[in-house]
Amino acid sequence: MPGKIKIGILKARNLPIMDRSSESSDAFVEVRFGNDNYYKTPVYKKSLDPEWNSRFFFEVEEDEIQEEPLQIRVLDHDTYSSHDAIGKVYIDLKPLLNPNGPTALNGFFPIFDTLHGIRGDIKVQARLEILSDCNEYRKSSSGVQFFTSSRIPEGYVLQNFCGFVEEMVLNDDPEYQWIDKIRAPRASNEARQKLFTKLSGEVQRRIGLKVLDIEANCVLGYQQYFDLEGEFGIVVRGIGTAANIIRQTGNIKSQLFPEISKHSKISPNRLTKKISSESDLNHQNLINKQENQNGYSISEKMEYPFLTLQQYPSGFIKSVCGIVCSRSVKLLNSNNEFDDLESRDKWWIEIRNEIRSHMKSLDCHVVLGYTETKSICEDVCVLSATGTAALFNEAFFANPLKRIDENSSEKCSICHVPYDETELPFPVALSKCAVCGQGQVPDVIFTSIQPLPEIETIGRGSLIKAIVSRPRKKSSGEISAKMISDYMPFMEYELHRQLLGKLKIKGMNMLYGLKVQISIGENLLMGIAEATACFAAPLPKPILPKIINDKMNREFKEIESLKKLLIDEMQRNIDFYGLDFKLSSSTIEQTDSENDSKALLKIELDDYREKENIYQLMDSAAKKNILACSTEYMPGIEFNSNLQMFTSIYRCEAKLVQMNIKKFNEIFDYILEGLNYKFRKYKNYVLANLSTDTSLFDDDHAMIILTGSCLTYGESNIDIKNNVEITNLSYVPNARIERYLGLVNLFLIRESTQIKENGGLSGFMHCFITEVLALVRAHVLSLDGNALVSFKMTECVLLDNPHRNQGQCLINVTGDAVRIVK
Amino acid sequence: MGTVDVCIGNNLIIDFDIFSLWIDGFTIEQCKTEIVKKDLSVRNCKETIIFRDIMDNYHNFNRLEQYLQIPCRLREQLMFQVSEEMIEKLVQCYYQYNPYVMREILNHKLTHKQRKDLDDIADKTETRVRSCRRQFDNLRQIIRILDDLKGPILRNIEEYFCLPRSLAEDYTAIVFLARNQFDLSKRKLSYLVLDDFIYCANQMISNWPMSNSFEHDSDFNRDFLLSFKELKILSEKEFIDEHKRLVLHGMAKVLNNNMTKDCRCLILFDELFKDLSRSLIDIAYSLNHSKDMKDLFFDLFERFIEPCKDVKLIRNEVTIFLDEYRKKAHLVPDISKEYPKFSHTFDKYFTTISNCIIQMYH
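Chains as they are written, first to last, in the working numbering: chain F, 1 to 822; chain P, 1001 to 1362.
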């Protein structure tokens, strides 16, 4: 349906001097939208603060608004030569399509140039007038709200989950096209920025169509990924959870969700493809097992019962079981009968099917906190999918009034295992629940979701990380892929062994927010796992790891001293985290019973490498008094205020083959210590929601990006006066989100040929990130927002050429623009 | 240490200890040494961590500098999220000057050449060249911006440079001195410190009317300066003797505690009166010539302060003399018949000049 965008290009300020002789600029603005709409303002002569006050309108199609950004280009007029570019602004108009969103966009936007950074600001207004489209075969999907926050938005009530939605588009990367050899860097960068912005719009539009198809009204926990496959192109993927939510009105009582009787319409998307007979069979089983559920089940309705959210309304989760994960190594250039997009689609379907079967083997019927990631190195890529298998309360949607009393009665039941003691899906040590004494619980639970308030925890939580790295031979193609896939299980095992060991030594028994990242370098493979550990009351107390010494020739004394070291470390942890239990001698001694042997972590001392491992298991965080976690909430601590969100970037130049686990651990400790130093003036603070992103380049450098939030607790509210709060949390401590204003999704490239002159690569990166944050703030302000939640830097690639003094960096950031009230 | 090692936050958090060291032109390495010296609590931290923190701060400062040079831009810029209090604090620190350095800068014209020769000043004042350059650039920047603006200097400085009142007042005086190109570089004036000149400049700014055409705000009203010509009658023979009698008589009344000392003082002034009086009137007479205006401080010193100092008159005695000189001038008989507005013009001139002399007399 045609619509009208009314645009005002009002004025600019602080423009750069483009004409040396007059120390000013003759600026004018070009505005483009899609292929057909173009407008040019008059030239404002000799001023660094020009005022155009141009107002005009474009006639557009609705689906265009979903895909195309409004492009504003500021130029310096030159009579004799070609006009010089000052910079560009891309404005996403999608938030204006949302019926609950802002109606107009108004504010100063930094003018960004890929070669010079921010050069002044321009004041832009935009207002949208559109007739809504009711055509069933329409292309646009406006009205579907996207939330990157991985939870039910504040102020909304969940009515039902409608399914897992995904979409993917593939395109050539302009950087690798032949034309790039002859065009200027600026043109190339701008072509990429434009394309990537457009592709992500297309993905959202298509997902929107699917969402409308399954009669949902929003996408929650939307995750967007850019897979830069180099010469193979660029893939933009989006996954999310389709759901129906309504704004909470005065009284909390929500409506019953509408009964969905008809099957989803056949549409040209891939969601309703064939369901394999095997899974049908499983459905049968499920229904048989849970007869009392009257036929309605998420898992039945959805092809993939995967939910991308990490926080759920209380009462929704019935039981959490554990992590399910699937990985697969693929070759990008494999010439099979399918086209590129189709083959990639197949890969993901394979993985999702595997996850689904894992989930079923655990007798679970939903996967929570689901994510899909892809690591690429040249022509090999590793696809991973992870989530937490769980059971949810079928009665949750059917009977909203019952929700409250239900969760108060059985708080510990979430930890109880869903399967029968006699038919264990895998060897696991079960014991009686420490709270109710009724249910069976495993000795540890690993999850990828945020801490559940329902599960009682004792003491404080702690960050746990495990790193595995292993050199690999330089190779390519098939051989390389095979090598990686052969090693993958060992890596997985080693990561879990480390996590388990560290968890036990911390005296804890539960992991939240577990995230595993696999990085492939030319000659190195690396895996990093991080999570928040805590001591959950229903689960059994951890027992000291047992040291097994096979060889008799090792001296008894040495073993004893190692044992003592472990006990000391564990005791120190128990005290530091306030876990409030004693390492009684009985727990140390009693190690022979049948049940324990499964639960125990055994450390076999075969060679000296193993001894190293024991030291590795003892984290240094407690010694340095750093409180940190990888989740948005810290078990046992209530946050007061958000002091600062930080992005720490570290790149080391070293022969990667020589980088071992110890060296990587040292780097992480160094980064954490650096943060600790920065915030030394504050007494009670936690580094929360820490998330690392590691990338390996060539064979000689690695880049580690650590993002997180510094939050204070137990202190009087530190009021930080700022216009726009940006946080990677999905909430703002001590504030209420009043309104969600739309997704902010910026794709930016910055290039410089004067790296040395501007403080080296460090200076370059510092400047670029500062600029990115400034741009984000401007976009939030223009939507009349004052905060951005769930900030995420999904992509950050830095390339450099020291000989040419060159550097290029590419960043994608996303988040939800909101209005908060403190 | 990595090739990239940065930490960036959404709110600009500034370590003002590091900021003031940066302003003083410390390199990162020097800054680190200084911080470790100062802050005992950081001693057990790794040096690289302290270094990295300083580097992050320096990256911010280097970016901030472009806005600090035009502080009103700091309020509207979007690059950094800075609170109003922070802006005030930053600007105040950035525009803080070292009086010794500023005194040296004012000795010369603010030319591009001098900017390159700041090393000498740096050596002389034991300050870092970078700090000198910042102070030099700040002053030049203020003058340059003010050139394009109309209205009173003080208001403009407060508005465009977001400076607190007292600092803005000082800069008003400094700009005034620099714009009128007062010659402060004479060797004989070298005992005077910047505060002396700021005081004198402020006396002139507040007491003497400025040009009405706003273009040259720091220029004096020409008619006003020309009116000083009329003061010449005071040094004419018929009046000077009477004036001298009145002044010495008046002084004798005021000075009456220590006989021997007072006698000496009166005798000295008796001898010097004609010369001093003539000098003061000559200075007034010549102020309308811009060359003589530039030499005002030197003239005051050479023709009044030096002769008094040579005979070891103390400041208090000079103060009493100047006070009596001013009061008694009105009482000289018949003087207002010759020049009706004499009292008014003389007071305008002499209050300011006597205040300047007293300030400079040390």
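Glycine is no exception: its CB is placed at the ideal position from the N, C-alpha and C atoms.
Item                                                                                                                    : Value
Contact list for the region 624-647 of chain F against chain P, Cβ threshold 7 Å                                        : Gln644, Met645, Phe646 and Thr647
Sequence-distant residues of the same chain with beta carbon closer than 6 Å to Asn1057/P, five excluded per side       : Asp1015 and Ile1018
Chain F within 7 Å of Gln1081/P, Cβ atoms only                                                                          : yes
Where the alpha helix (DSSP H) containing Ile1267/P begins and where it ends                                            : Met1259 to Ser1286
Same chain, Cβ closer than 8 Å to Ile820/F, neighbours up to 5 away in sequence not counted                             : Glu725, Val732, Ala735, Arg736, Ile737, Glu738, Asn786 and Ala787
Where Lys1038/P meets chain F, residues with beta-carbon distance less than 7 Å                                         : The premise fails here: Lys1038/P is roughly 14 Å from chain F at the closest Cβ pair, so nothing lies under 7 Å.
Three or more C-beta pairs below 8 Å linking the region 1272-1290 of chain P and the region 1227-1240 of chain P        : yes
Beta-carbon proximity check, Leu706/F vs Ile671/F, cutoff 7 Å                                                           : yes
Cα-Cα separation between Cys1308/P and Leu1068/P, rounded to whole angstroms                                            : 46 Å
Gly501/F to Thr532/F span [Cα, whole Å]                                                                                 : 14 Å
Any C-beta of chain F under 7 Å from that of Asn1011/P                                                                  : yes
Where Asn805/F falls, given that 16 or more other Cβ within 10 Å makes a residue buried                                 : exposed
CA-to-CA distance, Ile811/F to Val428/F, given in whole angstroms                                                       : 43 Å
Beta-bridge pairing of His701/F - partner residues as DSSP gives them                                                   : Glu653/F and Phe697/F
Cβ-Cβ distance between Val1006/P and Ser762/F below 7 Å                                                                 : yes
Leu565/F - DSSP class collapsed to helix/strand/coil                                                                    : helix
Segment limits, alpha helix (DSSP H) that includes Gln66/F                                                              : Glu62 to Glu67
Phe764/F and Ser752/F closer than 7 Å at C-beta                                                                         : yes
For Cys1007/P, three-class secondary structure by DSSP                                                                  : strand
Same chain only: Cβ atoms within 6 Å of Gln1141/P, ignoring 5 sequence neighbours per side                              : Gln1069
Environment of Ser200/F [buried if 16+ CB atoms lie within 10 Å]                                                        : buried
Within the region 1158-1193 of chain P, ranges of the alpha helix (DSSP H) (whole runs, at least 4 residues)            : 1165-1179
Segment contact, 8 Å Cβ cut-off, at least three pairs: the region 185-193 of chain F with the region 239-247 of chain F : no
Under 9 Å (Cβ pairs) to chain P, residues found in the region 357-381 of chain F                                        : none
Closer than 7 Å to chain F by CB, Val1247/P                                                                             : no
Proximity test, Cβ basis, 7 Å: Val1311/P and chain F                                                                    : no
Near-chain P residues of the region 680-704 of chain F (beta-carbon distance less than 8 Å), N- to C-terminal order     : Arg680, His701 and Met703
Integer-rounded CB distance, given that Arg1073/P should sit under 8 Å from Asn676/F                                    : No, Asn676/F and Arg1073/P are not in contact; Cβ-Cβ is about 35 Å, not under 8 Å.
Nonlocal neighbours in the same chain, by C-beta distance under 8 Å from Arg205/F, ignoring five residues either side   : Asp63, Gln66, Glu67, Lys139, Ser140 and Ser141
Interface flag, Ser140/F vs chain P, CB-CB below 7 Å                                                                    : no
For Ala599/F, the three-state DSSP class (helix, strand or coil)                                                        : Only weak support exists for where Ala599/F lies, its pLDDT of 47 falling under 50; the coordinates are left without a value.
Straight-line gap, Lys1124/P to Glu1324/P (C-alpha atoms, nearest Å)                                                    : 41 Å
Cβ pair Gly527/F, Gly101/F closer than 7 Å                                                                              : no
Best match in Lys678/F, Glu558/F, Ile667/F and Thr794/F for proximity to Val1004/P [C-alpha to C-alpha]                 : Ile667/F
The region 770-782 of chain F contacting the region 110-120 of chain F, beta-carbon criterion three pairs below 8 Å     : yes
Contact set for Glu1215/P: own chain, Cβ-Cβ below 8 Å, skip 5 residues either direction                                 : For Glu1215/P, the predicted model reports a pLDDT of 48, less than 50, meaning its position is unreliable and no value from the coordinates is stated.
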